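In the working numbering, the protein residues as written are 48 to 256.
We treat Cβ as the ideally placed atom computed from N, Cα and C, and that holds for glycine.
On a predicted model such as this, the values are computed, not experimentally measured, just so you know.
Data first, discussion second: the structure below is written as structure tokens.
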Ligand SMILES: Cc1cc2nc3c(=O)[nH]c(=O)nc-3n(C[C@H](O)[C@H](O)[C@H](O)COP(=O)(O)OP(=O)(O)OC[C@H]3O[C@@H](n4cnc5c(N)ncnc54)[C@H](O)[C@@H]3O)c2cc1C
């Protein structure tokens, strides 16, 4: 009488196989847990600017290079309405999408302030226009995009013999970026921080006109 061969696993092999199964199950679980929110709908939005889903690594770092949060996409807006449309869309996706949004100026802040893990980073520097408008007169002021660098504001206003009252010591920072933390340097003792010298701010929400 012939019997099919019976293979006995040595205890060590059993241990390896069990280990492999646990690893496999863990991988499946991890894959499920990391299931990405459905961002394909972002591509359907009517924007003047665009989303980049591939070149996102620069937006994953803070200035100290200590915090790494890889975003799902970077929005390069050309208009304010690009931002409003995107925010509204993400809001409409609901909390289950777990998609978050972060504005990014020149990326010189620390500890993930301008970052979002697997969310959407809005690259404020690509916001085109309005061009820097310098208004002269008895109370001169400048009208400028939040993504503009302070160094450019200085160069433009100097053409009119003017300069912002309140500075940061380092000028390769964006308007929106420094206003988010007040913006302080030596002139703040006399004129207050930069935020105290703002006449008007346009706050972009998901509400469209
Ligand atoms: C070398 C160096 C020198 C510095 N010198 C000074 C100084 O002299 N005085 C001083 O006060 N600070 C100084 N800072 C700190 C600096 O002002 C802050 O880190 C500032 O937030 C960086 O601006 P950013 O354009 O890089 O903004 P980011 O780092 O890109 O963003 C900072 C924060 O602002 C938000 N944000 C950016 N843009 C917008 C926007 N348009 N609308 C809404 N939210 C926005 C981001 O979401 C984030 O929360 C310095 C930093 C560095 C690295």
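- Less than 7 angstroms divides the Cβ of residue 224 from the Cβ of residue 152.
- Its chain contains 98 as the residues whose beta carbon lies nearer than 6 angstroms to that of residue 89, once the 5 sequence neighbours on both sides are disregarded; these appear in chain order.
- Setting aside the 5 residues that flank it on each side, residue 238 is surrounded in the same chain by 212, 213, 244, each with a C-beta closer than 8 angstroms to its C-beta; the list follows chain order.
- Closest in C-alpha terms to residue 94, from the list 226, 118, 102, 135, comes 135.
- Around the C-beta of residue 141, fewer than 16 other C-beta atoms lie within 10 Å, and the residue is accordingly described as exposed.
- Taking a contact as a CB-CB distance under 8 angstroms, the pair residue 109 and residue 164 does not count as one, their CB atoms being some 13 angstroms apart.
- Within the stretch 152-216, the beta strand (DSSP E) runs of at least 3 residues that lie entirely inside it are, in chain order, 167-170, 180-182, 188-190.
- For residue 122, no alpha helix (DSSP H) segment is defined; the enclosing uninterrupted segment is the beta strand (DSSP E) at 120-123.
- Within the same chain, and ignoring the five residues on either side of residue 201 in sequence, the residues whose Cβ sits closer than 8 angstroms to its Cβ are 210, 211, 218.
- As far as DSSP is concerned, residue 90 takes part in no beta bridge.
- Residue 193 and residue 168 have their alpha carbons spaced roughly 15 angstroms apart.
- Rounded to whole angstroms, the gap between the alpha carbons of residue 198 and residue 242 is 17 angstroms.
- Listed in chain order, the alpha helix (DSSP H) runs fully inside the stretch 103-152 are 127-140, counting runs of at least 4 residues.
- For residue 98, the enclosing beta strand (DSSP E) starts and ends at 97-99.
- 7 angstroms or more divides the Cβ of residue 181 from the Cβ of residue 195.
- In this structure, residue 123 lies near residue 170, with their beta-carbon atoms less than 7 angstroms apart.
- C-alpha of residue 113 to C-alpha of residue 158: approximately 7 angstroms in a straight line.
- Between residue 149 and residue 160, the alpha-carbon positions lie close to 8 angstroms from each other.
- Excluding residues up to 5 positions away in sequence, nothing lies with its Cβ nearer than 7 angstroms to the Cβ of residue 247 in the same chain.
- Using a 10 angstroms sphere on the CB of residue 189, the tally of other CB atoms reaches 16 or more, which defines it as buried.
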